[in-house]
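**Student:**
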Amino acid sequence: MTTETVIEGVVERVTFESPTTSFRVIKLAVSGRSDRLSVVGTFPAMPVGARVRIRGRLEQDRKHGEQLRVESLIELAPNTLSGLEKYLASGLIPGVGQKFAERIVAAFGLETLRVLDEQPERLREVEGLGKKRAAAAGVAWREQRALRDVMVFLQAHGASAALAVRIVRRYGPRAMDLVSRDPYRLALEVGGVGFRTADRIARAMGVAADSPERMQAGVLQVVHDLTEAGHTWSEKGEVTARAAQMLGLYESDGQVQDQLASAIAEAALAGRLVIEQGAAQQGENGAIYAAEVHSAEVRLAGRFAEIANAPAGALGGVHEGIRAFESSARIELGAEQRSAVEEAARRQLLVITGGPGVGKTTILRAILTVLRRARIEVRLAAPTGRAAKRMTDATGLEAATLHRLLEFDPKSATFKRDRHRPLEARAIVVDEASMLDLAMADALAQAIAPGTRLLLVGDVDQLPSVGAGAVLRDVINSGAVPCVRLRHIFRQAARSLIVTNAHRINEGQLPAAAPTTGDADFFIVERRDPEHARATLVELVASRIPNRFGLDPVRDVQVLTPMNRGPAGAVALNQALQAALNPVGTALVRGARTYRIGDKVMQLRNDYEKNVYNGDIGVIAGIEEEECSMAVRFDDRTVTFDATDLDDLVLAYASTVHKSQGSEYAAVVVLLLTTHFIMLSKNLLYTAVTRGRRLVVLISDPRALELALSRHRQEERRTRLADRLRVAAGGWTR
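For what it's worth, this note's numbering labels the leading residue of the sequence shown as 5, then goes sequentially.
Have a look at this one:
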C-alpha cells in the first residue's frame, strides 16, 4: 500500500549514493516528526543541510520500513543560519569546509545565497578565504547552481526527478536552454521519453495546442514513428492523419489540414524532411522522408551500384580451390553450390540467399577457401553478436559484429570506418544479411574501399530488419546486383522436419505433424483458448521438453510469439514462465516488472556505451536492492544496469518473433493463436520456425495457422532502394 504525499524537510544525512548512477538514499528531518524519514529514488545530489520539497509515495519496505519514494524533488533555500552553515560545509563548494562556511555565513547572514548568486566577488570580504580561493569558490557555486536550476526547471514543467536526471545526463548544463527552445526534441533524443511526455512539458511551458511549433513536432514524430516501424518513406495523407490524432485535433477540420501541410513544408525547408515525387505507388502527394533516411537510401543505392558495376578482378585457381575444399571437407559440392562459388569468384558484389538445409554455410566455407588460396584478405561480419559467433563456429575464422568491424564510437555515435578511412580488406562477407537495416547497410557500403568485394549471405524470406528498410529484399528485387538463390535441399537436411516444414511454410503449405514417438524434431500441439495454450506452453518448457530432450529450460529453450501484449503475448508469457522457472529469490521491482537473479532478460534498444544492442539476451547475475541496479551476463561479459537503464530490459523467457531475428536456439516453442490476428503472416511463421536448431514445437489454433500461411506482409514495408538501385546501375542517381 502506498500513499502519495508532499513533504518538506532538511537533509540530515546521505545514507547511500551510487558512484555510477543517480540513485540515492537520504535521511530527512521533517517538522513534527521525531524520527528521520528515509527518502529513496533517482534524483540529483543533495548536500547535508539542504531544505527540499519532495513529492512521492510513502511505502512500507519489508526490509527498511517506511520510506518515501521520490517522484519529484525541488531544493529550497535554507532558512536558518545553522542550516546555511551545514549546507555550505557539506562539500558543495570545493575548498569550503566547516570553518569557512561559518565565516561566510557570519559575513553575509541570511543573505548568503543571494550574495553567492549575484555578487560572488564579495567572497573576498571573508576573512582568510583569499582572492584565489574566493574566485574558485564563486566558479564552483555557479556551475553546481546552474545544474540545480536545470533540475528545478524540468521538474516544475512536469518532468519526474528520474526523467530530469536522464535529461541532464543527455544535455548537461545546456539542458534548460535546449529544452526551453525545443521541448519536443526530448521525444526524439532522450531514451524513455515519448511524445506525450515531451508534449506535457511543452504545454506546461506555454506552447499552444495549435502552435506551428507543436504541429511540426507532431509531423516529425509521426515520420519518426513510421521509420521506427520499418518504412523509409510515408505518404502525406497518412502523416497528417496520424499527426492530427496524436495532437488531439480534428483531422476533418480544413484549418488543421492546412496547418499540418504547412508544418510538413516548413520541416522540409528546414532540412528535417524530404518530399520526393516521382513514384506511382506514392500517390499524388509524394513520399515524405526523414532527411537522414533519404540521404542514406540515396547513398546506399549509389555505392552498391558502383561496387556492382566495378570491373571484377577474376580470381585464378577457382576450380583447384573448390577441389581443395571438397577434399578437406570430405564432401562433393552440387552443381548449384559450385555455381555459387564460381559467381563469388567473378563478382565484386554478390548476394547468396536460400532457406535452411540448402547449404549456405557449406558454400560460404568453400568461397573462403577460394579467396584465401588467391591471397585475398577477408573480413567476416554479422549484424549481431550471436550471429557473428555462429559464423565463427561455422567457418573457423573470426567474425565480428558490424559495429565492431566499422569501429563504432559511442561518444560521437559515428563509425570510424567510412569512405575516408575504409576497411582494410579485399573482401567483406556479411552473414544474416536479412537483418541489415538501411542505416547499417549504408555505413557498411561507405566503408568498402574501391576494388574490395562484398558478399551478402542471408535468407530473404525471413522477416525484414528491425530497423528501417528491407535491404536484402530490395537489393535482390532491383535486378541490378547479381544474386544466387539456392533451392536444392540436401538429403541429410531433408531428414529434419524443421527444414522440411520451413520450406512448406515458405510455399504456403501446412507444416507436417510428427509422430509422438521416435526422434522427430517438429511437433504441433493444437490449442484454441489463450489460457489453455499458455498453461500447455509453461508445462512444455518447464518439464516435458527438459525431461524428454535433456535441454535446460532457461538456456536452451526460447518461446516465440507474434506480439508483446494480450493473453498470449510476450509480457503475459514471461510472467507465467518466471513464476514456473524462477519464482523466488532476491528481487528488484520496477513498475509492473519483477527481476530476479537467474532471470533471462533482453535489451530493448542499442546502448553503444554499454556495447549492448537491441535483441541481445543475457541472464541476471546480481542485484543491488539499495542501489536499484543489477548486473547482467551477456555471453562472455557482465554489464551493470542502473535505475535509469532498467526500462531498457524485459524478461526474455518469451520474446516476439521480430526480436529473435539473427538468433538460433536449441529449441523454440512457437505460439500462434487468433488473438495474434494483426501480426499473422507467412514470413513471421517461417522466421519463427527457422530459429530452432534441434526442436520446434508449434502450439497453434488451426485457424491462425491457415491465416498466417495465406498472408505475406513483407511488401507492406515502404522503401525505394530497389528503384534507386535500378536507376543508379544505369549510370544515373537521383
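The C-beta atom is built at its ideal place from N, Cα and C for all residues, glycine as well.
Fair warning: this is a prediction, and the values are worked out from it, not measured in the lab.
For a test of the three-state rule: what should DSSP assign to G258, helix, strand or coil?
**Tutor:** The answer is helix: DSSP assigns G258 an H, G or I state.
**Student:** Under a Cβ-count criterion, where at least 16 other Cβ atoms within 10 Å of its own Cβ denotes burial, should D181 be classed as buried or exposed?
**Tutor:** Burial call: exposed.
**Student:** Entirely within the region 690-721 and at least 3 residues each: give me those beta strand (DSSP E) ranges in chain order.
**Tutor:** The region 690-721 contains these whole beta strand (DSSP E) runs: 696-704.
**Student:** Just the Cα atoms here: how many angstroms apart are P177 and V461?
**Tutor:** Distance between the alpha carbons of P177 and V461 is about 47 angstroms.
**Student:** Once the 5 residues before and after W145 are set aside, which same chain residues still bring their CB inside 7 angstroms of it?
**Tutor:** Cβ within range, chain order: I97, L120, P124.
**Student:** I think G275 touches A247, with their Cβ atoms under 8 angstroms apart; what is that distance to the nearest whole Å?
**Tutor:** That pair is no contact at about 19 angstroms.
**Student:** Taking the beta strand (DSSP E) that K90 belongs to, which residues open and close that run?
**Tutor:** Element bounds for K90: not the beta strand (DSSP E) but the alpha helix (DSSP H), 85-92.
**Student:** Which same chain residues, not among the five before or five after A574, have their C-beta less than 6 angstroms away from its C-beta?
**Tutor:** Same-chain partners within the cutoff: T565, N568, A658, S659, T660.
**Student:** Which residue wins for smallest C-alpha separation from I311, given the options P454, R390, A294?
**Tutor:** Closest option to I311, Cα to Cα, is P454.
**Student:** For V382 and T366, what's the separation of their Cα atoms in angstroms?
**Tutor:** Looking at the two C-alpha atoms, the distance is approximately 17 angstroms.
**Student:** From which residue to which residue does the alpha helix (DSSP H) around V29 run?
**Tutor:** Unbroken run through V29 is the beta strand (DSSP E), 27-33; no alpha helix (DSSP H).
**Student:** Quick one: what does DSSP say M250 is sitting in, helix, strand or coil?
**Tutor:** Of the three classes helix, strand and coil, the one that applies to M250 here is helix, per DSSP.
**Student:** So, using beta-carbon positions, are P743 and L677 closer together than 8 angstroms?
**Tutor:** Summary: the structure shown does not reach residue 743, with the chain confined to residues 5 through 738, and so no result is reported for it.
**Student:** Over the uninterrupted alpha helix (DSSP H) stretch that includes Q582, give me the two end residues.
**Tutor:** Looking at the DSSP string, the run of the alpha helix (DSSP H) that includes Q582 is 574-585.
**Student:** Just to confirm, are F27 and T9 a CB contact at a threshold of 8 angstroms?
**Tutor:** Result no, Cβ atoms of F27 and T9 do not sit closer than 8 angstroms.
**Student:** What residue does the alpha helix (DSSP H) around E324 start on, and which one ends it?
**Tutor:** Segment 322-333, the alpha helix (DSSP H) holding E324.
**Student:** D465 to V561, Cα distance in whole Å?
**Tutor:** Between D465 and V561, the C-alpha separation is close to 24 angstroms.
**Student:** Since I493 and C487 are thought to touch, with beta carbons under 8 angstroms apart, how far apart are those beta carbons, to the nearest angstrom?
**Tutor:** Rounded, the Cβ-Cβ distance is 19 angstroms, inconsistent with contact.
**Student:** In the DSSP assignment, find the unbroken beta strand (DSSP E) run with K604 in it and report its ends.
**Tutor:** 604-607 is the span of the beta strand (DSSP E), which, as asked, contains K604.
**Student:** Taking C-beta to C-beta, are L80 and I58 nearer than 8 angstroms?
**Tutor:** Against a cut-off of 8 angstroms, the Cβ pair of I58 and L80 comes out as no contact.
**Student:** Could you give the first and the last residue of the continuous alpha helix (DSSP H) run that contains V672?
**Tutor:** Not the alpha helix (DSSP H): V672 falls in the beta strand (DSSP E), residues 669-676.
**Student:** Who are the Cβ neighbours of L711 in its own chain at under 8 angstroms, not counting the five residues just before and after it?
**Tutor:** So the list reads T678, F681, L684, once near-sequence residues are dropped.
**Student:** Can you check whether the CB of V475 is closer than 8 angstroms to the CB of G619?
**Tutor:** Result no, Cβ atoms of G619 and V475 do not sit closer than 8 angstroms.
**Student:** My output table needs one value for V593: the three-state DSSP class, helix, strand or coil.
**Tutor:** V593 falls in the strand class under three-state DSSP.
**Student:** So, under 8 angstroms CB-CB, T373 and G325 are touching, yes? Tell me the CB distance rounded to an integer number of Å.
**Tutor:** About 5 angstroms separates the two Cβ atoms, so the contact holds.
**Student:** I'd like the span of the alpha helix (DSSP H) that includes I502, first residue to last.
**Tutor:** Run containing I502: 501-510, per the alpha helix (DSSP H) assignment.
**Student:** What number of angstroms, rounded off, separates the C-alpha of K364 from the C-alpha of I371?
**Tutor:** Spanning the two alpha carbons is a distance of roughly 10 angstroms.
**Student:** Give the single residue among A392, R55, A596 whose Cα lies nearest to the Cα of L85.
**Tutor:** For the residues A392, R55, A596, the minimum Cα distance to L85 belongs to R55.
**Student:** How many angstroms separate the CA atom of S667 from the CA atom of A245?
**Tutor:** Each residue's Cα considered, the two are about 37 angstroms apart.
**Student:** Would you list the one or two residues that DSSP bridges to D533?
**Tutor:** Paired residue(s): none; D533 is not in a bridge.
**Student:** Is the distance from the Cβ of V643 to the Cβ of K614 below 8 angstroms?
**Tutor:** For V643 and K614, yes; Cβs fall inside 8 angstroms.
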